[in-house]
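Engineer: Under full-length UniProt numbering, residues 1 to 357 are what the sequence shown spells out, in order. Ideal Cβ positions, reconstructed from N, Cα and C, are used throughout, including at glycine. After the structure tokens below, expect a handful of questions from me.
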Amino acid sequence: MSDTEETTEDPFPAKVELHVHLDGAVRTQTLLDIAKRREIDLPEKTIEELDKKVKITKEEGLDKMLDAFDYFLPIIRGDKEALEQIVSDFCEDCAKQNIYYAEVRFAPHILVDPNSETERCRQVRDIVRIATDALKEGCKKYSIKLRLILCCMRNQPENAYEVLLLCDEFRNDYVVGIDIAGAEFLTDAESPLKTVFQEAHDIGIHRTAHAGEVGASENVREALDEMHAERIGHGYHVIEDEKLYARVKEDKIHLEICPSSSFRTKAFQGDVKSHPMKKFADDGINFSLNTDDPCVFATNLNKEYAIAEEAGLSKEQIIKSFFNAAQSCFLPDDERKELVKHLHSVYGNDSLWAVSS
Ligand SMILES: [Zn+2]
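Here is the structure:
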């Protein structure tokens with residue numbers, strides 16, 4: 001059984017997810033299998049033992065989460081079969097959760113084997129090719145629609161241009177956008193990241209950026225004004241800046257909210273009922289509900305919706321978030337309209353989501 005398997009009847013039979021990291025969606029069993037095949041001698045021999053290293057189930061902060069990634073990424077780096085298995089598992093887990101459409105992201109550079117003799121840029125390209133091929137196969141096998149977003153890392157601006165080139169090369173081949181992830185800080189004016197995002201904008205590659213997660217609202221402003229972000233990953237701290245909040249509402253800027261993640265990384269600290277998502281829902285902000293790193297946080301979308309309900313969101317407000325996600329996804333216009341149409345066929349019409357597609 002996968003980490004994210006549902007066993008009861010699903011109250012939300014057509015889901016849309018926009019913010020999920022492939023490397024945060026690796027099953028513990030798959031890690032054990034890969035380690036065994038590659039003859040990596042892990043001290044942890046069982047799922048329970050390894051879970052203690054790779055899952056964050058309490059409010060332990062961002063550093064603890066990054067430690068979990070540091071622990072398991074070496075197991076999968078530079079291994080084609082591992083990446084294929086992880087993508088295949090991901091597709092299966094999406095299908096089991098009744099995800100109708102998802103955009104999954106990863107930073108190809110963090111999967112490069114530092115000891116490989118293959119030229120690094122060639123390895124990075126191969127990784128994207130393996131991921132897109134495996135995704136196509138998984139989509140076909142599980143009759144599901146998934147696309148990829150490639151991430152730049154904020155602390156590795158030197159790799160950003162390569163990510164942009166890959167987004168361009170694979171733009172008609174399952175890659176739909178570019179992201180910036182990693183520890184959050186303002187980038188300097190001369191950073192290649194800004195040039196890369198400017199160019200992504202100029203050549204029509206969709207853009208999202210992690211900002212205002214553990215960092216300040218100023219990072220959201222930077223992402224919008226200086227990096228042309230169309231969507232913001234997390235963005236909780238935008239509520240601290242009244243003017244910016246009004247702009248996010250007015251311009252319908254999409255916020256990719258990840259409830260469990262926000263508690264575990266301490267991006268939000270406080271009672272669930274005072275979580276910003278409640279205000280976002282009541283104020284008609286354009287936001288979606290996402291898992292971020294489903295296996296690391298031992299979560300799935302229905303668990304995230306349960307947290308949203310605890311925060312005070314109605315079932316209708318949760319469904320509305322699927323329509324928001326569909327409207328703000330990075331698919332071409334005709335496919336985006338099809339997606340909205342499908343959601344209408346499943347959830348009917350309601351004044352809350354009677355939006356023009
Ligand atoms: Zn994220």
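Cα-Cα, which of L165, H206, S288, C152 is closest to S191?
Structural biologist: Considering only alpha carbons, the answer is C152.
Engineer: What's the call for P11, buried or exposed, on a 16-neighbour Cβ count within 10 Å?
Structural biologist: Label assigned to P11: exposed.
Engineer: Can you say whether M1 is buried or exposed, counting buried as having 16 or more other CB atoms within 10 angstroms of its CB?
Structural biologist: Reliability fails at M1, whose pLDDT of 43 lies under 50, so the model's placement of it is uncertain and no value is given.
Engineer: For C295, which residues from the same chain have a beta carbon less than 8 Å from its beta carbon, with the 5 sequence-adjacent residues on both sides left out?
Structural biologist: The residues are D3, T4, G24, A25, V26, R27, T28, V54, K55.
Engineer: Of the residues T208, K52, R38, which one's Cα is nearest the Cα of E44?
Structural biologist: Cα-wise, what sits closest to E44 is K52.
Engineer: Does R207 pass the burial test, meaning 16 or more other C-beta atoms within 10 Å, or should it be called exposed?
Structural biologist: By the neighbour-count rule (16 or more Cβ atoms within 10 Å), R207 is buried.
Engineer: Looking at chain B, is there any beta carbon in it that lies within less than 7 Å of the beta carbon of E158?
Structural biologist: Absence of chain B from the displayed structure is noted, only one protein chain being present.
Engineer: Ordered along the chain, which non-local residues of its own chain (more than five positions away) have a Cβ less than 8 Å from that of E240?
Structural biologist: Hits under 8 Å: A216, S217.
Engineer: In three-state terms, what does DSSP make of S288?
Structural biologist: DSSP places S288 in strand when its eight states are reduced to three.
Engineer: Buried or exposed: Q269, going by 16 or more other Cβ atoms within 10 Å of its Cβ?
Structural biologist: Classification for Q269: exposed.
Engineer: Going along the chain, which residues of its own chain have a beta-carbon closer than 6 Å to the beta-carbon of L62, five neighbours each way excluded?
Structural biologist: Contacts found: V214, T265.
Engineer: Measuring only the C-alpha atoms, how far is R38 from G182?
Structural biologist: Their Cα atoms are separated by approximately 28 Å.
Engineer: Rounded to whole angstroms, what is the Cα-Cα separation between I127 and G284?
Structural biologist: The alpha-carbon atoms of I127 and G284 are separated by roughly 39 Å.
Engineer: Could you name the residues of the same chain whose beta carbon sits closer than 8 Å to that of K58, not counting the 5 residues immediately before and after it, in chain order?
Structural biologist: The answer, listed in chain order, is R264.
Engineer: Would a C-beta distance cut-off of 7 Å place H201 and H228 closer than the cut-off?
Structural biologist: Yes, the pair counts as a contact, with Cβ atoms nearer than the cut-off.
Engineer: Excluding sequence positions up to five away, which residues of its chain have a Cβ less than 6 Å from the Cβ of A35?
Structural biologist: These residues qualify, in order along the chain: L42, I75.
Engineer: Judging by CA-CA distance, which residue of G212, V196, H21 is the nearest neighbour of I205?
Structural biologist: Among G212, V196, H21, the Cα nearest to that of I205 is on V196.
Engineer: Pick helix, strand or coil for H234, following the three-state DSSP scheme.
Structural biologist: DSSP places H234 in strand when its eight states are reduced to three.
Engineer: What would DSSP say about A267, mapped onto helix, strand or coil?
Structural biologist: Of the three classes helix, strand and coil, the one that applies to A267 here is coil, per DSSP.
Engineer: Pull up the distance between the alpha-carbon of P259 and that of E335, whole angstroms please.
Structural biologist: So the alpha carbons of these two residues sit roughly 28 Å apart.
Engineer: Would you mind giving the Cβ-Cβ distance between R154 and I180, rounded to the nearest angstrom? I have them listed as a contact below 8 Å.
Structural biologist: That belief holds up - the Cβ atoms of R154 and I180 are roughly 6 Å apart, short of 8 Å.
Engineer: Could you spell out where the beta strand (DSSP E) holding F106 opens and where it closes?
Structural biologist: Counting along the chain, the beta strand (DSSP E) containing F106 begins and ends at 99-106.
Engineer: Near R138, what residues of its chain come up, given a Cβ to Cβ distance below 8 Å and the 5 sequence neighbours on each side ignored?
Structural biologist: Arg is not the amino acid found at residue 138; the sequence shown has Gly there. V87, S88, F90, C91, E92, I144, L146, listed in sequence order.
Engineer: Counting only the same chain and skipping the five closest in sequence on each side, list residues whose C-beta sits under 8 Å from that of A244.
Structural biologist: Note on residue identity: the sequence assigns Leu, not Ala, to residue 244. For L244, where only same-chain residues beyond five positions count, the Cβ hits under 8 Å are S217, V220, R221, V238.
Engineer: Can you determine whether any heavy atom of ligand 1 sits closer than 6 Å to the C-beta of G348, and answer yes or no?
Structural biologist: Answer for G348: no, Cβ out of range of ligand 1.
Engineer: Would you check whether ligand 1 has a heavy atom nearer than 6 Å to the C-beta of G138?
Structural biologist: No, ligand 1 has no heavy atom inside 6 Å of this Cβ.
Engineer: Does the beta-carbon of D63, which I'm using as the reference point, lie nearer than 6 Å to any heavy atom of ligand 1?
Structural biologist: No; taking the cut-off as 6 Å, the Cβ of D63 has no heavy atom of ligand 1 nearer than that.
Engineer: Just the Cα atoms here: how many angstroms apart are A311 and W353?
Structural biologist: C-alpha separation (whole angstroms): 20 Å.
Engineer: In the stretch 150-225, which residue ranges form an unbroken alpha helix (DSSP H) of at least 4 residues, counting only runs that do not cross its ends?
Structural biologist: Listed in chain order, they are 160-169, 192-202.
Engineer: Would K80 pass as a contact of I130 if the rule is Cβ separation under 7 Å?
Structural biologist: Yes; because the gap between Cβ atoms is below 7 Å, this pair is in contact.
Engineer: How about L166 and L150: are their beta carbons less than 7 Å apart?
Structural biologist: For L166 and L150, yes; Cβs fall inside 7 Å.
Engineer: Mapping DSSP to helix, strand and coil, what is R38?
Structural biologist: In the structure shown, R38 sits in coil (DSSP, three-state: anything other than H, G, I, E or B).
Engineer: With contact counted as at least three CB pairs below 8 Å, one residue from each stretch, are the stretch 97-107 and the stretch 15-24 in contact?
Structural biologist: Yes: the two stretches touch, three or more of their Cβ pairs being nearer than 8 Å.
Engineer: Looking at the strands, I want to know which residues DSSP matches up with H254.
Structural biologist: R231, per the DSSP bridge assignment.
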